[in-house]
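Read through the structure below, which is laid out as structure tokens, and then see the notes.
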Amino acid sequence: MNAEQLNREPIIFIIDDDDEVRDAIAFLMESVGLQAETYSSAEIFSDSFDLSRPGCIILDIRMKGMSGLMLQEHLAEQVIHPPIIFITGHGDVPMAVKAIKAGAIDFIQKPFNDQVLLDSVYRAIEVDEQQRGKAQKHAEIKHKMERLTPREREVLDLVVKGHRNKIIADELHISQSTVEVHRSRVMEKMEASSLSDLMRMVLTVNIA
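The numbering of the sequence shown is the working numbering, which starts it at 72 and goes up by one.
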């Protein structure tokens with residue numbers, strides 16, 4: 072496995088101000104072959120973390136300084152971030168509801184069952200993979216769209232709306248043959264195999 076592959080392996084980021092808890096969770100993750108990194112505060116994690124790194128976050132909800140919920144709010148401002156599993160020894164229902172509504176994968180109270188935590192971690196890793204795959208696909212489509220000329224983009228927008236070549240030609244004040252040339256170039260630059268394929272790509276980005 073080369074360095075690039077190693078960097079793409081999911082990492083379990085453990086954030087807790089209790090040394091024993093951090094070490095215990097890290098040992099559990101490593102015992103099943105997962106990479107783990109530990110942080111003693113949300114601030115340290117936030118200051119040093121690269122959001123492009125895949126994995127999930129195991130986060131204590133109550134800590135000195137920035138709390139787990141505060142870090143969750145901060146990460147939510149990013150386009151994408153690893154899914155969060157909250158752990159706490161002082162949890163209550165309102166906290167759990169707030170964390171889950173804000174997108175947390177799970178909310179687990181200390182002391183926790185090892186298998187319960189591992190099950191949540193595996194689920195979070197799957198969610199992270201799906202999110203990153205979707206984000207990459209969107210980025211690729213947007214990159215292709217950026218390659219279009221202004222006129223090609225106008226034609227694309229009208230094609231996606233379902234307009235025929237004659238209507239597009241009338242609206243843009245160009246000939247139908249010119250529309251056909253632009254459509255052909257749009258299909259080529261977008262690497263679309265069919266009109267439906269083209270529409271799916273554009274709608275996927277617009278919906279997101």
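Where a beta carbon is used, it is the ideal one built from N, C-alpha and C, also for glycine. Because the structure is a prediction, the values reported are computed rather than measured.
Am I right that G126 and F84 are in contact with their C-beta atoms under 8 Å? What's the rounded C-beta distance?
6 Å
Mind checking whether D87 and I171 have CB atoms under 9 Å apart?
no
Quick check on the DSSP output: what are the complete alpha helix (DSSP H) runs of length 4 or more inside the region 120-193, in order along the chain?
139-147 and 164-172
Only counting the same chain, and skipping five residues up and downstream in sequence, which positions put a Cβ closer than 7 Å to that of K287?
Nothing in the structure corresponds to residue 287, since the chain is present only between 72 and 279.
Measure the alpha-carbon distance for T249 versus A240 and round it to whole angstroms.
8 Å
By a C-beta neighbour count over all protein chains shown, 10 Å radius and 16 as the cutoff for buried, is L130 buried or exposed?
buried
Hey, how far is the Cα of H244 from the Cα of S191?
57 Å
Under 8 Å by Cβ, that's how I've got Q149 and L122 pegged, so tell me the actual separation to the nearest angstrom.
5 Å
To which residues does DSSP link Q207 through a beta bridge?
Answer by DSSP bridge pairing: none, since Q207 is not bridged.
Exposure label - P154; buried when at least 16 CB within 10 Å:
buried
Can you tell me whether A206 is buried or exposed, with buried defined as 16 or more other CB within 10 angstroms of its CB?
exposed
7 Å CB neighbourhood of T109 in its chain, flanking five on each side removed:
I85, R93 and A97
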